[in-house]
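Chemist: Sharing a structure, written as structure tokens. Questions coming.
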Amino acid sequence: MKNTANEDARSRLIFALDVGGGTGPAFEWVDRLQGHVGLFKVGKESFTACGPELVSGILARGGRVFLDLKFHDIPNTVGGAASAATKLGVSMFNVHALGGEAMLREAAEAARRTAEQLGRPAPVVLAVTVLTSLDDADLQRLGFRLGAGELALHLAEMAKRAGVSGVVASPRDAAAVRERCGRDFLIVTPGIRGAAKPAEDDQKRTLSPREAIRMGADCIVVGRPIRTSADPVAEADAVTAEIAEGLAARVR
């Protein structure tokens, strides 16, 4: 996936489909938001509860899937998981950069090999850098010498060397990653909160949709602000409008 200027703003919005109650409620959200978001993110909670049929159901409804399972294991195991994700037909999946360069390379190569065998485009493979719930103090307690921004940049550079498509990173790290890794390196950012709606949850390093895109993010992940809105469709459309504003004001 290239960072092209003519991409529609709506295609850059990824909805976090983190809802309980099985496939029924999940599919209701897909039906409601299809055409208002670019991809549906299936995370650990939803995938563990519903299994691969959740992915196949979204695809059957015309949706595109970002499989957010953050694979993190030895290279051979992650390569197998990458191949399985590709066979599921997802458009995007992620692995954790802390698994190391060899693991990242195997994930990217396995996805490409499997896609070629199936005669379909390879999915976007993203490396997760530093979770947006972690700040410098958290990382220090975990034994890291680098702060969140420095560590994210270090891991992004490693991911690029390994041949993955891009990274998942805090919106606050997007500008530095863009400068160091180039325009064709995809940056997906969670931790998105409206400018008038400060985070009141476990997300620490957040920005508004407009600012995240302006700082260099290609796609943003939004869940709770849309799910908890009185009018989720209107909220999704409002986020899309902010994305368009961010593109117009982008720092290049």
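Using my numbering, the final residue of the sequence shown is 239, and nothing's skipped along the way. Where a beta carbon is used, it is the ideal one built from N, C-alpha and C, also for glycine.
Mind checking whether residue 32 and residue 10 have CB atoms under 8 Å apart?
Modeler: If you number the sequence shown from 1, residue 32 lands on position 45. If you number the sequence shown from 1, residue 10 lands on position 23. Against a cut-off of 8 Å, the Cβ pair of residue 10 and residue 32 comes out as no contact.
Chemist: Is it right to say residue 171 is buried, meaning 16 or more other beta carbons lie within 10 angstroms of its own, or is it exposed?
Modeler: What you label residue 171 is simply residue 184 of the sequence shown in a count that begins at 1. When all chains shown are included, residue 171 counts as exposed.
Chemist: Please report the straight-line C-alpha distance between residue 55 and residue 82, rounded to a whole angstrom.
Modeler: Locating residue 55 in the sequence shown gives position 68, where the first residue counts as 1. Locating residue 82 in the sequence shown gives position 95, where the first residue counts as 1. Near 8 Å, if we compare the C-alpha coordinates of residue 82 and residue 55.
Chemist: Please report the straight-line C-alpha distance between residue 80 and residue 226, rounded to a whole angstrom.
Modeler: Start at 1 with the first residue of the sequence shown, and residue 80 comes out as number 93. Start at 1 with the first residue of the sequence shown, and residue 226 comes out as number 239. Spanning the alpha carbons of residue 80 and residue 226 requires a straight line of approximately 23 Å.
Chemist: Using the rule of at least 16 other Cβ atoms within 10 Å of the residue's Cβ for burial, across every protein chain shown, is residue 86 buried or exposed?
Modeler: Indexing the sequence shown from 1 puts residue 86 at position 99. Buried is the call here.
Chemist: In three-state terms, what does DSSP make of residue 126?
Modeler: Translated into the one-based positions of the sequence shown, residue 126 becomes position 139. It is helical.
Chemist: Would you identify the three-state DSSP class for residue 55, choosing helix, strand or coil?
Modeler: Within the sequence shown, residue 55 is the residue found at index 68, counting from 1. Residue state, collapsed to three classes: strand.
Chemist: Only counting runs of 4 or more residues, tell me where the alpha helix (DSSP H) segments fall wholly within the segment 207 to 239, in order along the chain.
Modeler: 211 to 214 and 219 to 235
Chemist: Less than 8 Å between the beta carbons of residue 21 and residue 48, yes or no?
Modeler: What you label residue 21 is simply residue 34 of the sequence shown in a count that begins at 1. What you label residue 48 is simply residue 61 of the sequence shown in a count that begins at 1. The answer is yes: Cβ separation under 8 Å.
Chemist: Three Cβ pairs or more, each shorter than 8 Å: is that satisfied between the segment 53 to 69 and the segment 97 to 108?
Modeler: yes
Chemist: For residue 94, which of 139, 150 and 105 has the nearest alpha-carbon?
Modeler: Position 107 of the sequence shown, counted from the start, is the residue given in the question as residue 94. Out of 139, 150 and 105, 150 has the C-alpha closest to the C-alpha of residue 94.
Chemist: Take the Cβ of residue 182 as the centre, count every other Cβ of all protein chains shown within 10 Å, and call the residue buried at 16 or more, exposed below.
Modeler: Working through the sequence shown from its first residue, we reach residue 182 at position 195. Because the pLDDT of residue 182 is 48, which lies under 50, any placement of that residue in the model is unreliable, and the number read from its coordinates should be weighed accordingly. With fewer than 16 Cβ atoms within 10 Å of its Cβ, residue 182 is classed as exposed.
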